[in-house]
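Asks: All letters in the sequence shown, in the order written, are residues 559 to 774 by our numbering. Don't be surprised by glycine CBs; every beta carbon is placed ideally from N, CA and C. Treat the numbers as computed from the prediction; the structure is a model and nothing was measured.
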Amino acid sequence: MSTLEGRRIIVTAGPTIEPIDPVRFLSNRSSGKQGYLIAEALAARGADVLLVSGPTCLACPDCVDRVDVETARDMLAAVETGLPADAFIAVAAVADWRPAERHDQKTEKSAHTASLQLVENPDILKTIAGHRRQRPSLVIGFAAETHDVLDRARAKRLRKGCDWIVANDVSGDVMGGDENAAWLITGNNETHWPRAPKQTLAENLAAAMDDHFATS
Ligand code: C5P
Numbered sequence: 559m560s561t562l563e564g565r566r567i568i569v570t571a572g573p574t575i576e577p578i579d580p581v582r583f584l585s586n587r588s589s590g591k592q593g594y595l596i597a598e599a600l601a602a603r604g605a606d607v608l609l610v611s612g613p614t615c616l617a618c619p620d621c622v623d624r625v626d627v628e629t630a631r632d633m634l635a636a637v638e639t640g641l642p643a644d645a646f647i648a649v650a651a652v653a654d655w656r657p658a659e660r661h662d663q664k665t666e667k668s669a670h671t672a673s674l675q676l677v678e679n680p681d682i683l684k685t686i687a688g689h690r691r692q693r694p695s696l697v698i699g700f701a702a703e704t705h706d707v708l709d710r711a712r713a714k715r716l717r718k719g720c721d722w723i724v725a726n727d728v729s730g731d732v733m734g735g736d737e738n739a740a741w742l743i744t745g746n747n748e749t750h751w752p753r754a755p756k757q758t759l760a761e762n763l764a765a766a767m768d769d770h771f772a773t774s
């Protein structure tokens with residue numbers, strides 16, 4: 559039997575979108591595939607999975623509860639509402655910035671200045687990793703890097719206060735593609751997962767979590 563059976567696990571996935579006005583927004587190229595496959599792999603091991611998803615074209619995996627959100631602030635609120643949890647996995651590509659102002663009506667070309675003022679979004683991973691009352695016992699972040707992958711990911715693990723980081727090299731066609739190569743950095747170990755379908759990475763991560771809960 560899996561040690562994930564009945565464990566509550568919250569996963570974020572996909573991009574966030576940050577509205578400028580009713581028809582325009584800022585976002586990124588995340589497809590959500592990796593997060594959805596992780597949710598599916600955890601549910602297959604019997605976990606009680608809450609998937610907090612930004613806009614994607616993907617169907618909700620079987621036996622997974624999904625909450626749909628658009629903005630980073632809504633994503634954080636949905637994750638906090640989903641607590642307490644045994645584990646939190648931040649796979650979403652959260653927009654770091656949002657427009658300072660959200661217009662209720664479509665802005666006219668003539669009303670535009672050449673610049674858009676941005677303000678920083680909350681860091682969901684850092685917030686949940688630093689949660690005083692309801693920190694999940696295992697908090698996992700993702701680090702998408704185009705260079706110095708390991709060094710940058712090790713530093714990110716400490717900066718975010720999470721337990722594990724899955725570091726992937728996104729210099730190629732990973733974002734939106736079907737394959738991924740990654741390192742799992744746990745603090746005690748660094749394991750390389752060679753390029754493989756995203757489903758394999760999802761299963762590797764679920765297996766590592768299963769082992770973790772078996773010994774903790
Ligand atoms: O800082 P960076 O965006 O590279 O960190 C990536 C990790 O942090 C991912 O796990 C991502 O889901 C999470 N993150 C977050 N909230 C943000 C930015 C990133 O949860 N505002």
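So is residue 581 buried or exposed if we call it buried at 16+ other beta carbons inside 10 Å?
Replies: Here residue 581 refers to the residue found at position 23 when the sequence shown is read from its first residue. It is exposed - the Cβ of residue 581 has fewer than 16 other Cβ atoms within 10 Å.
Asks: Between residue 725 and the ligand C5P, is there a pair consisting of the residue's CB and a ligand heavy atom that are separated by less than 7 angstroms?
Replies: Your numbering for residue 725 matches position 167 in the sequence shown. No; taking the cut-off as 7 angstroms, the Cβ of residue 725 has no heavy atom of the ligand C5P nearer than that.
Asks: DSSP three-state call for residue 726: helix, strand or coil?
Replies: The residue labelled residue 726 in the question sits at position 168 within the sequence shown. Strand.
Asks: Which residue spans inside the stretch 622–660 form an unbroken alpha helix (DSSP H) run of at least 4?
Replies: 630–640, all fully within the stretch 622–660.
Asks: Counting C-beta neighbours from all protein chains within 10 Å, is the total for residue 615 16 or more, i.e. buried, or is it exposed?
Replies: Here residue 615 refers to the residue found at position 57 of the sequence shown. Burial call: exposed.
Asks: Which of helix, strand or coil does DSSP assign to residue 674?
Replies: Mapped onto the sequence shown, residue 674 falls at position 116. Of the three classes helix, strand and coil, the one that applies to residue 674 here is coil, per DSSP.
Asks: Tell me, to the nearest whole angstrom, how far the beta carbon of residue 737 is from that of residue 755; I am working on the premise that it is less than 8 angstroms.
Replies: To locate residue 737, count along the sequence shown from 1; it is residue 179. To locate residue 755, count along the sequence shown from 1; it is residue 197. The Cβ separation is near 6 angstroms, so the contact holds.
Asks: Rounded to the nearest angstrom, what separates residue 662 and residue 636 at their Cα positions?
Replies: Position 104 of the sequence shown holds residue 662. Position 78 of the sequence shown holds residue 636. Roughly 24 angstroms separates the two Cα atoms.
Asks: Pick from 627, 594 and 717: whose alpha carbon is nearest that of residue 613?
Replies: Within the sequence shown, the letter at position 55 stands for residue 613. When each option's Cα is compared against that of residue 613, the closest is 627.
Asks: Around the C-beta of residue 729, are 16 or more other C-beta atoms found within 10 angstroms, so that it is buried, or is it exposed?
Replies: Translated into the one-based positions of the sequence shown, residue 729 becomes position 171. The residue is exposed, with fewer than 16 neighbouring Cβ atoms inside 10 Å.
Asks: On the three-pair Cβ rule with 8 angstroms, is the stretch 646–665 touching the stretch 561–571?
Replies: The stretch 646–665, when compared against the stretch 561–571, does touch it at the 8 angstroms Cβ threshold.
Asks: Comparing alpha-carbon positions, which option in 761, 744 and 703 lies nearest residue 719?
Replies: As a working mapping, residue 719 is identified with position 161 in the sequence shown. Out of 761, 744 and 703, 744 has the C-alpha closest to the C-alpha of residue 719.
Asks: By the DSSP assignment, the beta strand (DSSP E) with residue 575 in it spans what residues?
Replies: Here residue 575 refers to the residue found at position 17 of the sequence shown. Here residue 575 belongs to no beta strand (DSSP E), and DSSP marks it neither H nor E.
Asks: Leaving aside the five residues before and after residue 705 along the sequence, list all residues of the same chain whose C-beta is less than 8 angstroms from its C-beta, in chain order.
Replies: Within the sequence shown, residue 705 is the residue found at index 147, counting from 1. So the qualifying residues of the chain are 729.
Asks: Given a cut-off of 8 angstroms on the beta-carbon distance, is the pair residue 638 and residue 619 in contact?
Replies: Here the question's residue 638 lines up with position 80 in the sequence shown. Here the question's residue 619 lines up with position 61 in the sequence shown. Against a cut-off of 8 angstroms, the Cβ pair of residue 619 and residue 638 comes out as no contact.
Asks: If the criterion is Cβ atoms closer than 8 angstroms, does the pair residue 759 and residue 740 meet it?
Replies: By 1-based counting over the sequence shown, the position of residue 759 is 201. By 1-based counting over the sequence shown, the position of residue 740 is 182. Cβ atoms of residue 759 and residue 740: closer than 8 angstroms.
Asks: When the Cα of residue 590 is compared with those of 562, 609, 727 and 605, which residue comes out closest?
Replies: Numbered from its first residue, the sequence shown carries residue 590 at position 32. Per the Cα distances, 609.
Asks: Under DSSP, the beta strand (DSSP E) around residue 582 begins and ends at which residues?
Replies: Here residue 582 is taken as the residue at index 24 of the sequence shown, counted from 1. That run of the beta strand (DSSP E) goes 582–584.
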